[in-house]
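In the numbering used here, the protein residues as written are 11 to 151.
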């Protein structure tokens, strides 16, 4: 469970841009902090918060479920459907790193040490018109 006292959800329809912006934020542990807490994948991540975002966005879970697949689905599957299927955009700021994904590709950046967010912010830009060939079932796992 999240270690947070505050969670927020905001949305706004932008008719000129033809999209809905959704912001989901908390003041919890951060993505990197979740890996640190569980000790999972720390050999791959080290102290690189952007690498933690990259792993989480590629479905590498912090969960340890011996009788189930140890893969996260929420972030990677939702982002893939939003960006590749719907033509939207995705942004995540967590701790001292951020990730952006849109039609131009993906970037993962570690921020300067004096810039950080205590928690996680996810921004979704959802187009109000979907491509005619969009089929959400292509993104179900």
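A virtual CB, placed ideally from N, CA and C, is assigned to each residue, including glycine.
Quick check: what's the CA-CA separation for residue i versus residue j?
i           : j           : result
residue 100 : residue 107 : 14 Å
residue 126 : residue 137 : 29 Å
residue 45  : residue 85  : 15 Å
residue 26  : residue 113 : 19 Å
residue 90  : residue 72  : 20 Å
residue 144 : residue 67  : 22 Å
residue 116 : residue 64  : 10 Å
residue 121 : residue 40  : 14 Å
residue 56  : residue 47  : 13 Å
residue 139 : residue 123 : 39 Å
residue 128 : residue 43  : 10 Å
residue 50  : residue 142 : 41 Å
Can you list, in chain order, the residues of its chain with a C-beta nearer than 7 Å to that of residue i? Leave out the 5 residues immediately preceding and following it.
i           : result
residue 166 : For residue 166 there is no data in the structure shown, the boundaries of the chain being 11 and 151.
residue 135 : 29, 31, 98 and 99
residue 23  : 30
residue 119 : 60, 107 and 108
residue 87  : 149 and 151
For residue i, collect the residues of the same chain with a Cβ closer than 6 Å to its Cβ; drop the 5 residues on either side in sequence, then sort them by chain order.
i           : result
residue 132 : 34 and 102
residue 54  : none
residue 20  : 33
residue 16  : 37
residue 1   : What the structure shows of the chain is the stretch from 11 to 151, and residue 1 is not part of that stretch, so it cannot be assessed.
Helix, strand or coil: which one does DSSP assign to residue i?
i           : result
residue 121 : coil
residue 52  : helix
residue 25  : coil
residue 87  : helix
residue 63  : helix
residue 35  : strand
residue 69  : coil
residue 147 : helix
residue 140 : coil
Which one or two residues does DSSP pair with residue i in a beta bridge?
i          : result
residue 41 : Note: residue 41 sits in no beta bridge, so no partner.
Less than 8 Å between C-beta atoms, sequence neighbours within five positions excluded: which residues of the same chain meet that for residue i?
i           : result
residue 146 : 91 and 95
residue 52  : 45 and 46
Would you verify that the beta carbon of residue i is, or is not, closer than 8 Å to some beta carbon of chain B?
i           : result
residue 137 : Chain labels in this structure do not include chain B; a single protein chain is all it has.
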